[in-house]
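Engineer: Protein chains in written order, with numbering that gives the first Met the number 0: chain Y, 0 to 226; chain G, 0 to 226.
Where a beta carbon is used, it is the ideal one built from N, C-alpha and C, also for glycine.
The structure displayed is predicted, hence computed values, not measured ones.
My questions will all concern the structure given below.
2 protein chains.
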Amino acid sequence: MISESSRRRISESTVRRLSLYYRILSVLEKENQATVSSKELARREKLTPAQVRKDLSFFGSFGTRGLGYPVCELKKRIGEILGLNRTWNIALIGVGNIGSALVGYKEFQRQGFHIKLIFDNDQRKIGSNHKGITVSDIKNLGKELRENNIEIVIVAVPATVAQYIVDDVVKAGIKAILNFAPINLKVPEDVFLRNENMSMELEYLSFARINLYNDLGTRIRSIQLFE
Amino acid sequence: MISESSRRRISESTVRRLSLYYRILSVLEKENQATVSSKELARREKLTPAQVRKDLSFFGSFGTRGLGYPVCELKKRIGEILGLNRTWNIALIGVGNIGSALVGYKEFQRQGFHIKLIFDNDQRKIGSNHKGITVSDIKNLGKELRENNIEIVIVAVPATVAQYIVDDVVKAGIKAILNFAPINLKVPEDVFLRNENMSMELEYLSFARINLYNDLGTRIRSIQLFE
DNA sequence: TTGAGAATGTGAATTCATTCACAAAAGACA
DNA sequence: TGTCTTTTGTGAATGAATTCACATTCTCAA
Chain Y
0 MISESSRRRI SESTVRRLSL YYRILSVLEK ENQATVSSKE LARREKLTPA QVRKDLSFFG
60 SFGTRGLGYP VCELKKRIGE ILGLNRTWNI ALIGVGNIGS ALVGYKEFQR QGFHIKLIFD
120 NDQRKIGSNH KGITVSDIKN LGKELRENNI EIVIVAVPAT VAQYIVDDVV KAGIKAILNF
180 APINLKVPED VFLRNENMSM ELEYLSFARI NLYNDLGTRI RSIQLFE
Chain G
0 MISESSRRRI SESTVRRLSL YYRILSVLEK ENQATVSSKE LARREKLTPA QVRKDLSFFG
60 SFGTRGLGYP VCELKKRIGE ILGLNRTWNI ALIGVGNIGS ALVGYKEFQR QGFHIKLIFD
120 NDQRKIGSNH KGITVSDIKN LGKELRENNI EIVIVAVPAT VAQYIVDDVV KAGIKAILNF
180 APINLKVPED VFLRNENMSM ELEYLSFARI NLYNDLGTRI RSIQLFE
């Protein structure tokens with residue numbers, strides 16, 4: 000699988016669509032639907048059937064002509080590709096507004112993203128309990144990350160300190176970081192950094208409201224996650 | 000401006016990059032830097048200078064050859080395009096984990112996104128106070144949205160009820176919705192709907208960790224927000 | 001005032017992503 | 001078994017986004 004997927008380059012948009020397919024397939028699985036056609040998947044995500052088939056074809060021939068794709072198998076396969084058929088040990092840094100929300104976010108649990116450690120630098124928070132996890136002192140970051148086999152770190156600290164925190168995280172050998180601070184962080188070449196910019200979608204809506212109506216108040220085009 | 004931007008089609012990725020430029024320009028403005036080159040903007044966002052210039056050229060000639068772009072003016076202009084030089088009246092529905100985090104998210108305030116109303120259906124939460132805002136009963140949704148000139152609604156309710164809530168929001172005449180529930184919502188053609196899928200970036204990291212290293216443990220390619 | 005250097009703005013070229021279109025494969029049913 | 005329908009899988013065609021490359025314009029220093 001790995002060799003196959005690295006031979007033909009899989010675009011970021013394809014990966015993002017896989018996430019969407021996975022979610023739909025989970026629903027269909029619960030509804031005990033045995034198969035699903037590219038047409039049906041496309042309808043649900045407002046994509047074209049051809050796009051769905053192209054995306055899925057990156058990972059081999061899966062469907063049955065005349066019938067469609069087997070729901071369970073396809074879900075399992077996409078799960079493998081996205082790494083959702085296993086659990087990931089995650090550490091969260093910062094239990095402010097957003098950090099606390101993430102600790103309680105059930106969707107993470109459901110997908111195998113288990114928050115095992117929580118860090119903060121606020122003495123009032125250290126030692127306190129969030130959903131069964133005791134908040135650790137940020138001073139022990141490196142040691143605890145290593146001892147607990149943490150693979151992904153979520154950074155939810157104020158923008159002003161985010162770079163320092165991330166430097167420490169990198170020093171501890173972590174190679175995957177999800178950043179919620181609204182700032183551009185620098186990491187070495189071999190570290191994966193993704194940013195969750197919560198204002199961006201709101202800004203897009205704002206842009207859309209201002210720019211994407213014509214003079215008659217009619218929508219010029221529809222906005223989807225991918226178009 | 001509107002006519003100009005609708006004449007030449009501005010792609011979604013361009014708009015998203017405008018958000019990034021805006022953030023950088025805010026920093027530069029604070030540092031009292033008078034001008035900035037496309038090269039410098041590109042370096043900070045890991046883009047190419049040509050891309051930056053193309054993006055900015057959609058909105059007219061702004062820079063000075065040999066010098067670069069005037070920081071303040073450019074920020075102001077991008078702000079206009081994105082609708083950040085004004086305030087937006089926002090209503091939040093659902094004060095669970097995520098909803099509460101959003102109420103306290105200062106970045107929204109800073110960009111002119113003012114949460115004016117909060118709704119919930121939980122009797123224990125109705126009437127309680129979040130950052131100075133009293134939580135209203137979801138039953139009064141339509142009336143209150145209209146009376147308070149709400150323009151954008153943020154939906155942060157459980158996936159199971161999200162569609163019902165959104166139907167009511169649409170009925171109240173709202174044309175822009177930001178959805179945090181991990182589910183696909185249906186809205187009429189003329190309503191802008193954007194989804195904030197918090198698992199998606201984590202899934203991408205997971206995918207990257209599994210697939211984007213070669214056998215030597217070396218990163219195959221770097222991941223940026225846009226590439 | 002002039003010349004060297006810097007940086008924009010933009011068609012053209014290229015690369016990347018999506019859609020088309022159809023042969024091939026499988027199911028359904030007489 | 002044979003025909004009709006459905007749907008996949010995929011090269012080819014199209015379309016969109018990015019990058020190239022360079023003429024043009026401005027700055028700055030002497």
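(1) How many Å lie between I137/Y and D119/Y at the Cα?
(2) Going along chain G, which residues have a C-beta under 8 Å from E150/Y?
(3) May I ask you to report which of helix, strand or coil DSSP gives L46/Y?
(4) In three-state terms, what does DSSP make of D136/Y?
(5) So what does DSSP say about T217/G, is it helix, strand or coil?
(6) According to the neighbour-count rule (16 or more other Cβ atoms, all chains shown, within 10 Å of its Cβ), is Q110/G buried or exposed?
(7) Over the uninterrupted alpha helix (DSSP H) stretch that includes N148/Y, give me the two end residues.
(8) So, with DSSP's three-state summary, where would you put G67/G?
(9) Tell me, please, whether the CB atom of G103/Y is closer than 8 Å to any CB atom in chain G?
(10) Classify D166/G as helix, strand or coil using the three-state DSSP reduction.
(11) Return no unless some Cβ of chain Y is closer than 8 Å to the Cβ of Q108/G.
(12) Classify G67/G: buried if its beta carbon has 16 or more other beta carbons within 10 angstroms, exposed otherwise.
(13) At a Cβ cut of 9 Å, what residues of the segment 68-100 of chain G count as close to chain Y, listed as they run along the chain?
(14) I need the straight-line Cα distance from R16/Y to T86/Y, nearest angstrom please.
(15) Drop a sphere of 10 angstroms on the beta-carbon of S127/Y, count the other beta-carbons inside from all chains shown, and report buried for 16 or more, exposed for fewer.
(16) Note down the Cα distance separating F61/Y from E39/Y, rounded to an integer number of angstroms.
(17) Looking at C-beta atoms only, is the number of pairs between the segment 195-215 of chain Y and the segment 77-85 of chain G that lie closer than 8 Å three or more?
(18) For N183/G and R43/Y, what's the separation of their Cα atoms in angstroms?
(19) Against chain G, which members of the segment 189-204 of chain Y pass a CB distance test of less than 9 Å?
(20) According to DSSP, is N196/G part of a helix, a strand, or is it coil?
(21) Which residues in the same chain have their Cβ closer than 8 Å to the Cβ of E251/Y, if we skip the five residues on either side of it in sequence?
(22) Could you tell me whether the Cβ of A171/G comes closer than 8 Å to any Cβ of chain Y?
(23) Using a Cβ-Cβ distance under 8 Å, would K130/Y count as near chain G?
(24) Contact defined as beta carbons within less than 8 Å: I believe Y104/G pairs with N96/Y. What is the distance between those atoms, to the nearest angstrom?
(25) Quick check: the segment 164-178 of chain Y against the segment 132-149 of chain Y, are at least 3 beta-carbon pairs closer than 8 Å?
Structural biologist: Quick answer:
(1) 5 Å
(2) R208
(3) coil
(4) strand
(5) Unreliable positioning characterises T217/G in this predicted model, as indicated by a pLDDT of 46, which lies under 50. The coordinate reading is nonetheless provided below. Reduced to three states, the DSSP call for T217/G is coil.
(6) buried
(7) No alpha helix (DSSP H) holds N148/Y; DSSP gives it neither H nor E.
(8) strand
(9) yes
(10) helix
(11) no
(12) buried
(13) E79, I80, L81, G82, L83, R85, W87, I89, G95, N96, I97, G98, S99, A100
(14) 21 Å
(15) exposed
(16) 16 Å
(17) yes
(18) 8 Å
(19) D189, V190, F191, L192, R193, N194, E195, N196, M197, S198, M199, E200, L201, E202, Y203, L204
(20) coil
(21) The requested residue 251/Y does not occur in the structure, where chain Y is confined to residues 0 to 226.
(22) no
(23) no
(24) 6 Å
(25) yes
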